[in-house]
Amino acid sequence: MAKISIDLKKGSIHKEAPKEHIIGIDLGTTNSLVAYVEDNQAYTIADSCGKSALIPSVVYFDHNDEPHVGTEAKDKLITQASRTIYSVKRLLGKSYQDLNEVQSHLGYQIIDQDEDQLVKIRVGDKFYSPIELSALILKKLKEMAERHFATSVSKAVITIPAYFNDSQRQATRDAGKLAGLDVLRIVNEPTAASLAYGIGTSREDAEVIVVYDLGGGTFDISILKIEDGIFEVLATNGDTFLGGDDIDRAILEHWIKKYHITNLNDNKSMVQRIRLLAETAKKSLSIHQYFESDDGQFQLTRTELNQLIAPLWQKTLSLTKACLEDSGLQLDDIDQVILVGGSTRTPYIKERVAEFFQLTPNDTLDPDQVVALGAAIQADILAGNRKDMLLLDVTPLSLGIETIGGLMDTIIPRNTKIPARAGRQYTTSVDGQTNLKVSVYQGERDLVSDNRKLGSFVLSGIPPMATGLPKIEIQFILDADGILRVKAMELRSGIETEVEIKSQYGITEEEMAHMLLSSIQNAQSDMDTRALIEAQTEAKNILVHSEKFLLQNASIFDTETQEQLRTHMKALEVAIASADKDLINTKMEHLNAFSAPLAQIAMDYNIAKALKGKSI
Ligand code: AMP
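With positions in the sequence shown counted from 1, the corresponding number in our numbering is that position plus 136.
If you want it as structure tokens, here you go:
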């Protein structure tokens, strides 16, 4: 792999290897696209038939379990429903528990094991993760680009919705790696759309942009502030089940009523045929005023269609208003509106958006391609071809400190924009503790021993206090050059110390890939270990407190009660030694249940004692 050095200030990457194409990928729920930049102009790449740049995000596994991606897979959606996977993006980075609302919408089988694990999809007797399935789609796009350039392609920028959480972002990045792509950047879709329109490409721009994205099955609204080349998502909202498909369904229902069509329940292919015709009518009415099917059986006017679209527009409008409110801005703070997604071709939607924002929306680019084109521009910036542009980088691996039990406590998560600053408060674990060792680590695993140690230092001179009283603030300050400074302060006494740690860019791509891979492979065992260590730590704390309680209140309780409490404490001690998380939790519950009324009695007694002789 070529050695890469990143100039964070200039936002460029220097590599010793010969110039290589970096592609931009829009990994969509319904369709995906791949694009590139040549001579400052962004282009999408069409499929092998040269017809369309839109590759359906669908994977079909044939009876030899061979995957097929794109149009040929989409064709199997009805005949091979259980072997054809669509909408994988909805499952990325999600656990079974997260999917309760989504499951009824899917035609394939999600296996239902442990609620907290990431989902898997069952096809025949094989199981696939959404990361593997997304990787298959990305591989197809990579191959399209390789065919186009007649050379291998290994670097990419991939877009994701602005609301994706860290686990969804990581899943996207991991899918890229699995597809053999070095994912240089994960970019928010609305940011990419703005870049495609050239917004934010010059340092003088300071604008507030609304990105209204209405696709086939999802609606996203985002408000961005762009200043000094920094894209900040101020607010985002949306509905993951709202889009052009709903318009098709509304037309279908309208025709069923209008033409008194019956017996559709027994005739699925008939429903499918009319639904496809409804989509054709909708698209045609984006240009014409009147639609009639070839056989003359179905008609629809633009006015009728507008009436059918109105409720959908209203739904997007209330989400838009909520987003605006969250951003804390007023309508007249908005400088530009960008339209994304095939459904924004509908004149009714365009007009309503323009009317609401009192602005002519940016719609000169193909709304299906905007995001991919923007991703390609971002890739071009990363390739160092647009020297004028300032870019923010992200930290590729999480940064955190070691806490009790050797656990990693992440303070700056991976993919955070840098410069970044984050802090968290800790306390001591031993009475009278005057020193605190702070060990800084980098990596995604739950145990620090599996991550990479960056350095450690000691905060000394903490005035002796009881456990839990000192308030120790640990701050991570990561500057634009990737240099990490760690500050530790005891807030009650004001003592502080600070060290500088040279951060993550010393790590090679291979090392990073290895660390990510092992974090995926070991996710379950890491989770189990973490749960056990947390239970053990909590149990030990409870024992310390119980011991103190017994000592302080020996005079209040009779020997029998004290003995019973000691028996519960002994049982918890045995459970801690057994390393059985469930047993520890059970014994903790028993001890708590027994000691809670005692604590109440002790409190009442002590209050009564304190108030003796005083009147309120
Ligand atoms: P996307 O998810 O962005 O690919 O959007 C696809 C959606 O856009 C589908 O619901 C299409 O029916 C819809 N669409 C595509 N072209 C048009 C058009 N000309 N007019 C209205 N809707 C369209």
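Where a beta carbon is used, it is the ideal one built from N, C-alpha and C, also for glycine.
request  = Please check the pair L213 and V194, which I expect to be a contact at CB under 8 Å, by giving their CB distance rounded to whole angstroms.
outcome  = The C-beta separation of L213 from V194 comes to about 7 Å, placing the pair in contact by the 8 Å criterion.
Contacts around V255, its chain only, beta-carbon distance under 7 Å, and the 5 residues preceding and following it disregarded = Result list for V255: L227, K230, S231, Y232, L235, I246 and P266, in chain order.
query = For F612, which of M601, E202, L436 and I547 has the nearest alpha-carbon?
reply = Nearest option by C-alpha distance: I547.
key: Endpoints, the alpha helix (DSSP H) within which L272 is located   = Secondary structure note for L272: its alpha helix (DSSP H) is the uninterrupted segment P266 to F285.
ask   = Just to check, is the beta-carbon of N571 closer than 7 Å to a non-hydrogen atom of ligand 1?
value = Flag unset: Cβ of N571 not near ligand 1.
query = Sorted by chain position, which residues of the same chain lie with C-beta nearer than 7 Å to M280's C-beta, five sequence neighbours on each side aside?
reply = Counting only Cβ-Cβ distances below 7 Å, and skipping sequence neighbours, we find V170, I181 and D183.
ask   = Quick one: is D198 buried, meaning 16 or more other Cβ sit within 10 Å of its Cβ, or exposed?
value = Classification of D198: exposed, given that the 10 Å Cβ count is below 16.
inquiry  = Restricting to Cα atoms, I'd like to know which of H284, S223, F285 and I322 is closest to I273.
reply    = Minimum Cα distance to I273 is reached at S223.
ask   = Using a Cβ-Cβ cut-off of 8 Å (strictly less than) and excluding sequence neighbours within five positions of R283, which residues of its own chain qualify?
value = Answer for R283: S184, listed in chain order.
request  = Would you tell me roughly how many angstroms separate the C-alpha atoms of E699 and H681, rounded to the nearest one?
outcome  = Looking at the two C-alpha atoms, the distance is approximately 16 Å.
request  = Spatial neighbours of V344 within its chain, please: CB distance less than 6 Å, with the 5 preceding and 5 following residues excluded, ordered by chain position.
outcome  = Only residues of its own chain outside the window of five on either side were considered, and among them K361, D469, I470 and D471 have a CB closer than 6 Å to the CB of V344, listed in chain order.
Residue from E580, S714, L727 and E609 whose Cα sits closest to the Cα of A659 = Ranking E580, S714, L727 and E609 by Cα distance to A659 puts E580 first.
query = On the three-state DSSP scale, how would you describe A178?
reply = If DSSP states are grouped into helix, strand and coil, A178 belongs with the strands.
request  = Let me know the secondary structure DSSP gives R321 once reduced to three states.
outcome  = Three-state result, R321: strand.
task = Assign G336 to one of three DSSP states: helix, strand, or coil.
result = Of the three classes helix, strand and coil, the one that applies to G336 here is coil, per DSSP.
ask   = At a cut-off of 7 Å, is K313 close to ligand 1 when judged by its beta-carbon and the heavy atoms of the ligand?
value = K313: no, Cβ never under 7 Å from ligand 1.
request  = Compare the Cα-Cα distances from G604 to each of L595, A386, G597 and Q569 and report the closest residue.
outcome  = Of the candidates L595, A386, G597 and Q569, the residue whose Cα lies closest to the Cα of G604 is Q569.
task = With a threshold of 7 Å, establish whether the CB of G186 neighbours any heavy atom of ligand 1.
result = No - ligand 1 has no heavy atom lying nearer than 7 Å to the Cβ of G186.
message = Measuring CB atoms only, is the stretch 592-602 touching the stretch 666-677, in the sense that at least three cross pairs come out at less than 8 Å?
response = Contact between the stretch 592-602 and the stretch 666-677 is absent, because fewer than three Cβ pairs lie under 8 Å.
ask   = So K256 is in the beta strand (DSSP E); what residue range does that whole segment cover?
value = It is not in any beta strand (DSSP E) - K256 carries neither H nor E in the DSSP assignment.
key: Start and end residues, alpha helix (DSSP H) containing D615   = Segment: none, D615 is in no alpha helix (DSSP H) and carries neither H nor E.
inquiry  = Rounded to whole angstroms, what is the Cα-Cα separation between T207 and L277?
reply    = T207 and L277 have their C-alpha atoms spaced approximately 13 Å apart.
task = Could you check if S639 is buried or exposed, using at least 16 other CB atoms within 10 Å of its CB as the buried criterion?
result = Since pLDDT at S639 reaches only 40, below the 50 mark, its modelled position is unreliable, and the value read off the structure follows with that caveat. In this structure S639 is buried. Its beta-carbon is surrounded by 16 or more other beta-carbon atoms within 10 angstroms.
task = Using 7 Å as the cut-off, classify the Cβ of N167 as near or not near the heavy atoms of ligand 1, replying yes or no.
result = N167 Cβ: within cutoff of ligand 1.
task = Can you tell me which of the three DSSP states R522 falls into?
result = R522: coil per DSSP, three-state reduction.
request  = Please determine, among Y244, V205, V289 and V293, the residue with the shortest C-alpha to C-alpha distance to G160.
outcome  = G160 has its Cα closest to that of V293, out of Y244, V205, V289 and V293.
task = Starting from the N-terminal side, write out each stretch of the beta strand (DSSP E) that is 3 residues or longer and does not extend beyond the stretch 573-612.
result = Counting only runs of 3 or more, we get 588-595.
query = Along the chain, where does the alpha helix (DSSP H) that runs through A558 open and close?
reply = Taken as a continuous stretch (DSSP letters only), A558 belongs to no alpha helix (DSSP H), being part of the beta strand (DSSP E) at A556 to Y562.
inquiry  = From the DSSP secondary-structure annotation, give me the bridge partner or partners of S168.
reply    = Paired residues: I191.
ask   = Taking the alpha-carbon positions, what's the N521 to V506 distance?
value = If you draw a straight line from the Cα of N521 to the Cα of V506, it is about 20 Å long.
message = Given 7 Å as the limit, tell me if D381 has its C-beta closer than that to any heavy atom belonging to ligand 1.
response = Remark: the C-beta of D381 is in contact range of ligand 1, defined as less than 7 Å to any heavy atom.
task = Take H390 as the anchor and find which of L583, K418 and L378 has the nearest alpha-carbon.
result = With distances taken between CA atoms, H390 lies nearest to K418 out of L583, K418 and L378.
query = What is the residue span of the beta strand (DSSP E) that G432 lies within?
reply = No beta strand (DSSP E) holds G432; DSSP gives it neither H nor E.
D504 Cβ short of 7 Å to ligand 1 heavy atom set = Flag set: Cβ of D504 near ligand 1.
inquiry  = With a threshold of 7 Å on Cβ separation, who are the neighbours of G336 within its own chain once the five nearest residues in sequence on each side are excluded?
reply    = The beta carbon of G336 lies closer than 7 Å to those of S330, I362, G365 and F367 in the same chain, with the five residues before and after it left out.
ask   = E487: buried (16+ other C-beta within 10 angstroms of its C-beta) or exposed?
value = Exposed is the label assigned to E487, since fewer than 16 other Cβ atoms lie within 10 Å of its Cβ.
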